[in-house]
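Here is the structure we will look at.
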Amino acid sequence: MKTITILNGISDDSYTEFESELDRLAKDAASERKINIIRLRDLDIRYCTGCWDCWVKTPGICAQKDDMEIVYRSVIQSDLTVFLSPASLGFVGSLLKKTCDRMIPIVHPYIVFYKKELHHKSRYKKYPKLGLILIDPDKSAIDFENTRRIFSRLSINLKTDLTLALHIAGSEKEANDVYSSL
Numbered sequence: 083m084k085t086i087t088i089l090n091g092i093s094d095d096s097y098t099e100f101e102s103e104l105d106r107l108a109k110d111a112a113s114e115r116k117i118n119i120i121r122l123r124d125l126d127i128r129y130c131t132g133c134w135d136c137w138v139k140t141p142g143i144c145a146q147k148d149d150m151e152i153v154y155r156s157v158i159q160s161d162l163t164v165f166l167s168p169a170s171l172g173f174v175g176s177l178l179k180k181t182c183d184r185m186i187p188i189v190h191p192y193i194v195f196y197k198k199e200l201h202h203k204s205r206y207k208k209y210p211k212l213g214l215i216l217i218d219p220d221k222s223a224i225d226f227e228n229t230r231r232i233f234s235r236l237s238i239n240l241k242t243d244l245t246l247a248l249h250i251a252g253s254e255k256e257a258n259d260v261y262s263s264l
């Protein structure tokens, strides 16, 4: 059974209909795939302080004592991790951005060559494929392409692939399109 984690970075109730429909579809899919939607706004996720304890003092464990452990565990155990966020100033919103910043412990501090570049050594044998869903009612092609490129680079850092990149307005109908693409 395919396991999917959706990191929902919607910070308020701006897209309630979209979220409700996506939740409903995920529950209905329980027999064919396991979809874990994590509403980041419901968790206590603090900002990375750049202390590097997760690499030096307590390898793989962040010094922040918050709910990121839930996120780490779900991401590493999934086959696909989808980053879902409204566009904000040409990128993902701050809630998803700080969550991405806190992903540092899932790689080692050591450097290796990968695809003719220097990247961090993997901490785990397998990382999930990655997906990006950017909600942008204005559908700015430049913002989407820049965001897609950054998440494509993140996928290289995790020795995986960005296999899904959708640019949507956030309507209830689009929840079906999102679900179909998973």
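Numbering (our numbering), first residue to last: 83 to 264.
The beta carbon of each residue, even a glycine, is placed where N, CA and C say it ideally should be.
Taking all protein chains in view, the Cβ of phenylalanine 195 is surrounded by fewer than 16 other Cβ atoms within 10 Å, so the residue is classified as exposed. The straight-line gap separating the alpha-carbon atoms of lysine 198 and valine 174 is approximately 28 Å. Distance from the Cα of isoleucine 88 is smallest, within the candidate group Arg231, His190 and Leu166, for Leu166. With fewer than three CB-CB distances shorter than 8 Å, the region 94-106 does not count as touching the region 124-139. Arginine 155: member of the alpha helix (DSSP H) spanning 150-159, first to last residue.
Apart from sequence neighbours up to five positions away, the residues of its chain that approach serine 204 with a beta-carbon distance below 6 Å are Lys241, ordered along the chain. Contact check for histidine 249 against leucine 216 passes: the beta carbons are separated by less than 8 Å.
Fewer than three Cβ pairs drawn from the region 177-196 and the region 109-117 lie within less than 8 Å of each other, which leaves the two stretches out of contact.
Proline 168 sits buried, since 16 or more C-beta atoms from the chains shown fall within 10 Å of its C-beta. Inside the region 83-115, DSSP marks whole beta strand (DSSP E) runs of 3 or more residues at positions 84-90, from first to last along the chain. Between aspartate 105 and leucine 125, the CB-CB gap reaches or exceeds 8 Å. By the CB criterion at 8 Å, isoleucine 117 and tyrosine 154 fall outside the cutoff.
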